[in-house]
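Below is one structure; the comments refer to it alone.
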Amino acid sequence: MSGNTGFALGDNGTLNLSGEGSNNDYTNRAGDDLRTSSIGSTTYGQQVFRQGEPQTHEGKLQYNAEYSFNDAAEFYSFGGYSKRRGETAAFYRPSNASNNIAAIYPNGYLPLINGTLEDTSLVAGLRGELADDWHYDVSANYGKNTYELHTKTINTSLGLNTPRSFYNGTLTNDQKQLSFDLSREFSAAWLPHPVSVAFGAEYLRQGYQIEAGQAESYFQTGSSGLGGFRAADAGSYSRHNFAQYLDVETNLTEKLGVSAAVRHEDYSDFGSNVSGSLSARYDFTPQVALRGSVSTGFRAPSLAQQNFTFTSSQLIGNTIQEAGTFPAGSNVAQLLGAEDLKPEKSRNYSLGLVLQPLDSLTVTADVYRIDIQDRISLSSNLVLNNTAINYLRSNGVGDINYTSARYFTNATDTSTDGVDLVANYRYQFDNGVRWNSTVGYNYNHTKVTDVKANPAILDQLGVNLVRVDRRERIGLLGDTTPQHKLTLGNDLTFGNWALHSNLVRYGEFTSYQADKVNDQTFSAAWLLDLAVDYTLKNWVFTLGGDNITDKYPEKLNDFSSSGGNLAYSTFSPYGYSGAFYYGKVTYNW
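Counting in full-length UniProt numbering, the sequence shown runs from 1 upward without gaps.
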């Protein structure tokens, strides 16, 4: 359910309010539990996993306000608040598993993870005109996000005294930003057109907090399925950034427009950087234009990437394991060859053609390339053998309640090449029927162009300890989604009726594994969405369906399905919940 309304604020202002609420049950497309380790359990051969969309309860409120005092000053503000409660499940623990207590759960149990996500945002500013045609905009921005975690599970280390539910901790991100912008047009005798100049400065403060869970959630083996944040992991972190920018834009001739921008940033934890961009557009005729751009980018590691520590159940190869995630500066990560994180730097190039052969037809074609140096990503899951575990313990690491470890790293460089084609056609028939059609095609291919040498300590600890293995190099850091996507959208409006259709073809894609023998390629698929509207005075009645042919991806092979439990790939671009049909009633006043 959603609603939107607006009000006048006297004669010089407006206020717009909107709200939305939704409740969604979970979907489950899991297969039957045929794991070898489940043989002899009371639920062998039954559907005990949960794979699908989570159960959610969500509410949102947003506002947008403006009030003009005069030409020199207009106040504006917008923001919102949302709260979402969701429930997902970890992997099922059968009755005969070591992470089950049969006296509590004689038939095994499914750990449930309950998260509450709250988002708050607020922007307020003043804009207007100054003397000599200068325009100004000064604003303040505040945002906060909290994620509180609870689990319904057990901690086998506590035996029969284990709680059945746990508070696992809370993650908080917040930021405060102050911005000041000035702009105006200048005329120069040596230029045929005015030059638009904009410049400004901003101050940004970012914060990140980890609040520990209850002690039982991380005691020894921890709460099964999702361990709590340890007291040693808890902390509050912050940094600030000062930035300045300059943007210049003009038409050098009647046909050639150019723009240039430069931005300087100075982070309290990663120093300073200068990035910039150049772009141009040349109109050969009113129907044909060529455009292009080149730019550089800079992204400092986030506070979360520098400080996040977590333990959870993951499918590694074809085995469910407790995996620990560590920041690069932690003792565990440093002992396993991690290095302090560096900022990502990127170079971006694009070239495009714009055509309008008819008043009702526009066509655009763009090619692009994105090169990222020192890309920040997670390492492979490093499965810890006895040698590695003893090595960690001998160097002061205690309470090792995980069987694999991974950390954030700058171990790779990547390159992305792409093509975007879009054509839009609009037509009105003599009988009043209006038709709007859009065709789009996208090609996107990412590859790893460089992998830093494997840390020497990993080579010493075990031949299978590879910081960036084949699965990450070709798959997760490369192509995890189809390289090709084709869309065809049509809207027909006739009288009180409107018909909407969207046909999408997703190309084939491959799920890569550490050993190519276990790779699986999924076939291309067509999906069709349809909806029909009927308008009656202030009412709009809608019936529709997404994926109306109930298309599912192919099922996972034996290696990736965890003994048949996980039926479908999480990388499917259209999910695996099948068709979704809906009815909607809208009232406008």
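We put the CB at the ideal spot given by N, CA and C, even for glycine.
None of these values were measured; they are calculated from a predicted model.
As computed with DSSP, Leu246 is found in a beta bridge with Phe199, Val262.
In this structure, the CA atom of Ala531 is about 40 Å from the CA atom of Val294. Rounded to the nearest whole angstrom, the CA to CA distance from Glu339 to Gly276 is 28 Å. DSSP places Asn161 in the helix class (H, G or I) of the three-state scheme. In this structure, DSSP gives Val468 a state outside helix and strand, which the three-state scheme calls coil. A direct Cα-Cα distance of roughly 11 Å separates Asp366 from Tyr441.
With respect to the 8 Å criterion, Ser577 and Thr172 are not classified as neighbours on the basis of their beta carbons. DSSP, read as helix, strand or coil, puts Lys516 in helix. Contact between Gly478 and Lys447 holds, with the beta-carbon distance rounding to 5 Å and staying under 8 Å. For the beta strand (DSSP E) assignment, the uninterrupted runs of no fewer than 3 residues enclosed by the region 101-167 are, from N- to C-terminal side, 112-129, 135-152. Looking only at Asp247, Tyr267, Ser272, Ser268, the smallest Cα-Cα distance to Ala261 is reached by Asp247.
In the structure shown, the three-state DSSP call for Asn307 is helix. Per the C-alpha coordinates, the member of Arg505, Ala232, Phe580, Val540 positioned closest to Asp399 is Ala232. Taking the Cα of Val197 as reference, the smallest distance to any Cα among Ser259, Thr487, Ser217 is reached at Ser259.
Between Trp526 and Leu503, the gap from beta carbon to beta carbon is short of 8 Å. Within the region 418-482, the alpha helix (DSSP H) runs of at least 4 residues that lie entirely inside it are, in chain order, 456-461.
Put simply, the backbone Cα of Val363 is about 41 Å away from that of Leu117. Secondary structure of Leu336 (DSSP, three-state): coil. The secondary-structure analysis by DSSP pairs Thr43 with nothing; it has no beta-bridge partner.
Tyr568 is classed as buried because its beta carbon has at least 16 other beta carbons within 10 Å across all chains shown.
The C-beta distance from Leu149 to Ile113 rounds to 7 Å, short enough to meet the 8 Å contact threshold.
Note: Leu9 is bridge-paired with Gly13 in the DSSP secondary-structure output. For a cut-off of 8 Å, the C-beta gap from Tyr67 to Phe75 is around 5 Å, short enough to register as a contact. The DSSP-derived three-state label of Asn547 is coil. Judged by DSSP secondary structure, Ile389 falls within the alpha helix (DSSP H) whose first and last residues are 386-394. Taking the Cα positions, Pro553 is about 15 Å away from Phe580.
Under DSSP, Leu178 shares a beta bridge with Ala140, Tyr203. Secondary structure at Asn331: helix, using DSSP grouped into helix, strand and coil. Look at Thr27 here: in three-state DSSP terms it is coil, with no helix or strand label. Bounds of the beta strand (DSSP E) holding Val367 are 361-378. Per DSSP, the beta-bridge partners of Trp497 are Phe494, Tyr534.
With 16 or more other Cβ atoms inside 10 Å of its own Cβ, Leu382 counts as buried.
When the alpha-carbon of Pro286 is set against those of Asn155, Asp359, Pro94, Leu336, the nearest one is in Asp359. Per the C-alpha coordinates, the member of Ala498, Thr387, Thr409, Val540 positioned closest to Asn464 is Thr387. For Thr36, the secondary structure class from DSSP, reduced to helix, strand or coil, is helix. Between the region 104-112 and the region 128-148 there are fewer than three inter-stretch CB-CB distances shorter than 8 Å, so the stretches are not counted as touching.
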